[in-house]
Amino acid sequence: MKHEIEIDKLLKELIYENWMDDEDYREATDLAFNAMGITKQKLSDDIDAGVRNGYTVEQQIELLKRFLNVS
-13 MKHEIEIDKL
-3 LKELIYENWM
7 DDEDYREATD
17 LAFNAMGITK
27 QKLSDDIDAG
37 VRNGYTVEQQ
47 IELLKRFLNV
57 S
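By the numbering used here, the letter at position 52 of the sequence shown is numbered 38, and the numbering carries on one by one without gaps.
In structure tokens:
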């Protein structure tokens, strides 16, 4: 997956809590993707499409954070 590192960093920032073990974190990320109706691969593909359209990965991540109302 092309943008896995960036997506993992974003997920850690948005979802991870200190009390979570690996299983809790994996379950939370799975639930988040299911709720949004996407997959990690789809998100990576969408980021790649944005890059091809002239937007940096960083710009897209910041826009996604704003859309999700987090900073």
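Where a beta carbon is used, it is the ideal one built from N, C-alpha and C, also for glycine.
Straight through space, the alpha carbons of E44 and L50 are spaced by roughly 10 Å.
In this structure, the beta-carbon distance from I(-7) to L29 falls below 9 Å.
Cβ contact annotation for Q27 (same chain, cutoff 7 Å, sequence separation greater than five): M(-13), in chain order. L(-3) sits away from T25, with the two beta carbons spaced by 9 Å or more. The alpha-carbon separation between D32 and H(-11) amounts to approximately 10 Å.
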